[in-house]
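For the sequence shown, the tail end lands on 379 under the working numbering, and the numbers increase by one without skipping.
Glycine included, C-beta positions come from ideal geometry on N, C-alpha and C.
Contents: one structure, followed by commentary.
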Amino acid sequence: MSIPRFIPHGGRSTGLGAKFSSASLVIFFFCVFMLLSSALGSTSIDPDKTNANRVASSAAECSASSPQALPDVAPTRFRFMPLRFVLAQQAVAGYERGGVPLVGFDGTKFTPAGEGDDLGVYYFIPKVVTDFHLSVAKSIDLFIVSLIVFPLLVGLPGLYLLVSRQSYSPWGIVALCGLAAITARYGDVYVVQAGVIVALVPWILYLAGGHPRYSFLAIFAFTCGIVCSLANILRFQASTPFLVFAVIILLFQVKSKLSRRIFLLVALFIGALVPQFYFHSLLNNRDRFLLAIDRCYVPAVPYHPTWHNVYTGLGFLNNPYGLVNKDESAIERVRAIAPQALYPSFAYEQAVKKEVFRTLKAHPGFVLYSFMVKRSSGQSNVHFGVRC
């Protein structure tokens, strides 16, 4: 792998530097403006769906397991899944009433916040609501903006140092800002995946090829571990591709003794453990709180149900079988065949598992074709890229 090396400012051509500095500033501010205007200039609210938005404003009084209570669209400027919006409202209601993170309130009782979903959103959004005194919708918008703009501001200096001597450096800035702008159009927690790449890839390439102080590289590896672990808490496996990339770079690109390179990997691993230990303690506190209220409470599984993801993934392609790539589709289907199986209980997983195999038996050609299309588009897991 050929990595551009950093050349001290004293060794650069002043003419090129002056042209690049002015051009990069113009490109940077233009792309940031386009990023924010493309995201904030259009809203996901349909004026013809005011009834659905009224439901969304009072969704904290409804159970998350009731599909009829879900709004058609979330009343946010960025795209945000309606089910996740309702769960976020419940997480805010639970935090305001109980004061315990990751505890939700569905209008009648305390519940695990974001049950069956990635937990990061349901920890941070209530914090934003209480600290900044914003509505749930505005807190979600602020949170998503932060996940887009902050990685961009972190990654741009690293990209500048990485390719500052190359004639294509302004185009690198355009590409990075363009990636952020495309991410803004998708919204939701999916911005985390691009944010990790935008913020960390330029820096790890620059530091691995620029011979920085070893202590600084160790601190960077530790910080990368923390950031990647938080990203995975916000979105399942959001930073796993970067972690694999970082291991390869730190192990084979860094010019140092093998023992020192291994220590960099240890620092990366230790950094990744810090958020995990913290959230594990939060989950223990949540479970103790809920168990004190309801002695029949069974701790919820803090991640996406596997067979639920597989079933929704079958709707990756348009089809005449009623398969849709949405959480609500799986929930409604299980409600029709097993009304007593509530999402995301073990009974729910068993019901949706049977439905997956029923679909596979009834339409094996479609399932195989869908899987091959996803493989060809770079999605190696059966349920990779599922919008849930």
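If you run the structure through DSSP and keep just helix, strand and coil, what is residue i?
{"i": "T303", "result": "helix"}
{"i": "P103", "result": "strand"}
{"i": "L422", "result": "This structure gives no information on residue 422, because the portion of the chain shown stretches from -8 to 379."}
{"i": "S12", "result": "Reliability of the predicted coordinates at S12 is poor, the pLDDT of 45 falling under 50, and the value obtained from them is presented with this limitation in mind. Reduced to three states, the DSSP call for S12 is helix."}
{"i": "L314", "result": "coil"}
{"i": "F243", "result": "helix"}
{"i": "L31", "result": "Only weak support exists for where L31 lies, its pLDDT of 40 falling under 50; the coordinates are left without a value."}
{"i": "S361", "result": "helix"}
{"i": "D179", "result": "helix"}
{"i": "Y334", "result": "coil"}
{"i": "A229", "result": "coil"}
{"i": "A171", "result": "helix"}
{"i": "A342", "result": "helix"}
{"i": "A329", "result": "coil"}
{"i": "T297", "result": "helix"}
So residue i and residue j are in contact, right, with Cβ under 8 Å, and what is the actual spacing, rounded?
{"i": "L255", "j": "A209", "result": "6 Å"}
{"i": "L380", "j": "L133", "result": "For the chain, the structure presents residues -8 to 379; residue 380 sits outside this window and is missing."}
{"i": "A353", "j": "A342", "result": "That belief does not hold up - the Cβ atoms of A353 and A342 are roughly 16 Å apart, past 8 Å."}
{"i": "I284", "j": "I240", "result": "That belief does not hold up - the Cβ atoms of I284 and I240 are roughly 48 Å apart, past 8 Å."}
{"i": "F270", "j": "N310", "result": "In fact, because the Cβ distance is near 37 Å, the residues do not count as touching under 8 Å."}
{"i": "T102", "j": "G95", "result": "5 Å"}
{"i": "V91", "j": "N276", "result": "6 Å"}
{"i": "G107", "j": "Y334", "result": "6 Å"}
{"i": "D109", "j": "V180", "result": "7 Å"}
What residue range does the beta strand (DSSP E) around residue i cover?
{"i": "V94", "result": "V94 to F96"}
Looking only at its own chain, which residues have a Cβ that is under 8 Å from the Cβ of residue i, when we skip the five neighbours before and after it?
{"i": "V347", "result": "W298, V301, Y302 and L305"}
{"i": "F213", "result": "A258, L259, I261 and G262"}
{"i": "L113", "result": "The residue asked about is misnamed: residue 113 is Tyr in this sequence, not Leu. Within the same chain, Y113 has close Cβ partners L78, A79, A82, L93, G95, A104 and G105."}
{"i": "A338", "result": "A329, Q331 and A332"}
Considering only residues of the same chain and omitting the five flanking positions on each side of residue i, which have a CB-CB separation below 7 Å?
{"i": "L308", "result": "S361 and V364"}
{"i": "P193", "result": "G146, G149, L150 and L153"}
{"i": "I188", "result": "F233"}
{"i": "V183", "result": "L138, A222, L225, R226 and A229"}
{"i": "I135", "result": "F69, G178 and V182"}
{"i": "R251", "result": "Y205"}
{"i": "G163", "result": "L150 and V154"}
{"i": "A237", "result": "I195, C215 and L259"}
{"i": "C219", "result": "V187, S230, F233, L234 and A263"}
{"i": "L242", "result": "R252 and L256"}
{"i": "Q267", "result": "S220"}
If I follow the unbroken alpha helix (DSSP H) through residue i, where does it start and stop?
{"i": "P66", "result": "Where P66 is concerned, there is no enclosing alpha helix (DSSP H), given that its DSSP letter is neither H nor E."}
{"i": "K118", "result": "G111 to F123"}
{"i": "G85", "result": "P73 to G89"}
{"i": "S250", "result": "L249 to I284"}
{"i": "C287", "result": "Run containing C287: none; DSSP gives neither H nor E here."}
{"i": "V189", "result": "V182 to G200"}
{"i": "S220", "result": "Y205 to L225"}
{"i": "Y151", "result": "V127 to V154"}
Near residue i, which residues of its chain fall below 6 Å by C-beta distance, leaving aside the five closest residues on each side in sequence?
{"i": "V83", "result": "P117, V120 and V127"}
{"i": "K216", "result": "Reading off the sequence, residue 216 comes out as Gly, not Lys. Correct list, in chain order: L259, G262 and A263."}
{"i": "A190", "result": "P142, V145 and G146"}
{"i": "V245", "result": "A199 and R252"}
{"i": "H314", "result": "With the sequence shown as reference, residue 314 is identified as Leu, and His is not the correct amino acid for it. Contacts found: L305 and G306."}
{"i": "L351", "result": "V358"}
{"i": "G186", "result": "L138 and P142"}
{"i": "Y288", "result": "L281 and L282"}
Quick check on residue i - is its C-beta less than 8 Å from some C-beta in chain B?
{"i": "V343", "result": "Structure shown: chain B not included; a single protein chain is present."}
Quiz prompt | Three-pair Cβ contact test at 8 Å for the region 317 to 331 versus the region 273 to 282 | solution = Judged by Cβ distances under 8 Å, the region 317 to 331 makes no contact with the region 273 to 282, as fewer than three pairs qualify.
Exercise. May I ask you to verify whether the region 144 to 156 touches the region 113 to 120, counting CB pairs closer than 8 Å and requiring at least 3?
Key: Contact between the region 144 to 156 and the region 113 to 120 is not established, with fewer than three Cβ pairs separated by less than 8 Å.
Quiz prompt | Touching by the beta-carbon criterion (3+ pairs, under 8 Å), the region 209 to 223 and the region 175 to 182 | solution = Fewer than three beta-carbon pairs drawn from the region 209 to 223 and the region 175 to 182 are found closer than 8 Å, and the two stretches are therefore not classed as touching.
Self-check item: Touch test, the region 254 to 271 against the region 72 to 89, Cβ-Cβ under 8 Å, three pairs minimum
Solution: Contact between the region 254 to 271 and the region 72 to 89 is absent, with fewer than three C-beta pairs closer than 8 Å.
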